[in-house]
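One structure is given here, and the rest of the page talks about it.
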Amino acid sequence: MKQGQLSRIQQGEAKQGEIAAQLAVITEIEARLATETRQKEAQISQAEATLRNAQGKYQRYTPLAQEGAIGVSLLNDVQEELEKAKGALVQLEAELEHTESTLQAKLAQEKANLAQLQEVRPIDVAIAQAELKQAQIQVEQYKAELDNTNVRVPVAGQILRINTRVGEQVNVQQGIAELGQTKQIYAIAEIQETDITKISLGQPATIKSEYGGFEGAIKGTVAKIGLQIGKSRIDEDRQNPDNPANDLNERVVEVKIRLNPEDSSTVAAFTGMQVKVNSLQRSSDCIPLSLSAISWACPVFWTA
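Yeah, the sequence shown ends on 309 if you go by the numbering used here, and it's all consecutive.
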């Protein structure tokens, strides 16, 4: 809108309404000047005729008065009519001159105003440019504010849980939502430190559910071995007496097992489920391990 206004100012189109109104004023004055001039000229013509009649009458009565055919008082009346006719003509000529000078001056002023309106003044352009710049700044501010109302995630994925609803205050610990890429599921195994030397990258793994989360066994390979030994994350739920992981050893290493694609689709809906693992396998040998527990996870576990 401001850009269009600037363009109209630069092209002399910003004041079309004012220019049209000014043209109407000029047209009205020109019409008034022509009308009043014709009226005054008609009155002057009539006054000139009256003056000629008075002059002729005075010229006829003067010799008659000198001969005594008429009285002096009658001649005086005729002379008075002549003077009145002269005065009326002078008055009308003065009124015509005043009307013409007044309306001509007003017409000139209005034409000057029109020229000023039609002029593209640098100050008008500068003001419009400043208003445009301010409007552009406001647009950017509004865009930034709008962006702040949108929630964006780092990668495409599936919403696992919504923690904050419309109108609710965002929980700084839980965030707005939890997002995961469920096309590729990882099993997060917490292996006791005494068994970590038995694990290697690329090692096949067979996982079974001890609590009936899924039937049969699912397979995968070791994708990452943690570099730290620490407490089990499941230990956070120890205050829950019903948690089956309450007897887990706290000294564990986190190992990520990438599930095979067909098994990922099997457990995609069970993100975060805890299970027990019977063994990890290297080649054809079965290596029994003291696994604390595992849980499903996605490569991206995002909280807004």
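Just so it is clear, CB atoms sit at the ideal spot from N, CA and C, and this is done for glycine as well.
Opening and closing residue of the beta strand (DSSP E) in which residue i lies
i: I230; result: 222-235
Helix, strand or coil at residue i according to DSSP, with G and I counted as helix
i: T187; result: coil
i: P209; result: strand
i: I193; result: strand
i: V260; result: strand
i: N118; result: helix
i: S214; result: coil
i: N153; result: helix
i: I201; result: helix
i: I75; result: coil
i: V144; result: helix
i: E105; result: helix
i: V171; result: coil
i: E124; result: coil
i: R243; result: Its pLDDT being 46, under 50, R243 is placed unreliably by the model, and the measurement read from it follows with that caveat. Three-state result, R243: coil.
Integer-rounded CB distance, given that residue j should sit under 8 Å from residue i
i: E115; j: I24; result: Between I24 and E115 the Cβ distance is about 12 Å, and since that is not below 8 Å, they are no contact.
i: P209; j: K188; result: Going by Cβ atoms, the distance from P209 to K188 rounds to 21 Å, so no, they are not a contact pair.
i: V156; j: I181; result: 6 Å
i: E198; j: I234; result: 5 Å
i: L184; j: G162; result: 5 Å
i: L80; j: A59; result: Incorrect: roughly 13 Å between the Cβ atoms, too far for contact.
i: K45; j: T104; result: 6 Å
i: Y63; j: V83; result: 5 Å
i: I34; j: L108; result: 6 Å
i: G190; j: V272; result: Gly is not the amino acid found at residue 190; the sequence shown has Ile there. Correct: roughly 6 Å between the Cβ atoms.
i: K236; j: A222; result: K236 to A222, Cβ: 28 Å. No contact.
Residue i - partner residues in DSSP beta bridges
i: N81; result: Beta-bridge pairing links N81 to no other residue.
i: R166; result: E183
i: N176; result: G180
Host alpha helix (DSSP H) of residue i (start-end)
i: I49; result: 21-72
i: P159; result: Careful: P159 lies outside any alpha helix (DSSP H) and carries neither H nor E.
i: T271; result: 266-272
Cβ pair count under 8 Å reaching 3, the stretch 252-271 against the stretch 219-238: yes
At least 3 beta-carbon pairs within less than 8 Å: the stretch 27-46 vs the stretch 72-79: By the Cβ criterion, the stretch 27-46 is not in contact with the stretch 72-79, since fewer than three pairs of Cβ atoms, one from each stretch, lie closer than 8 Å.
Cβ contact (3+ pairs, closer than 8 Å) linking the stretch 56-71 and the stretch 96-112: no
The stretch 159-174 contacting the stretch 142-151, beta-carbon criterion three pairs below 8 Å: no
Sufficient close CB pairs (3 or more, under 8 Å) joining the stretch 86-97 to the stretch 47-62: yes
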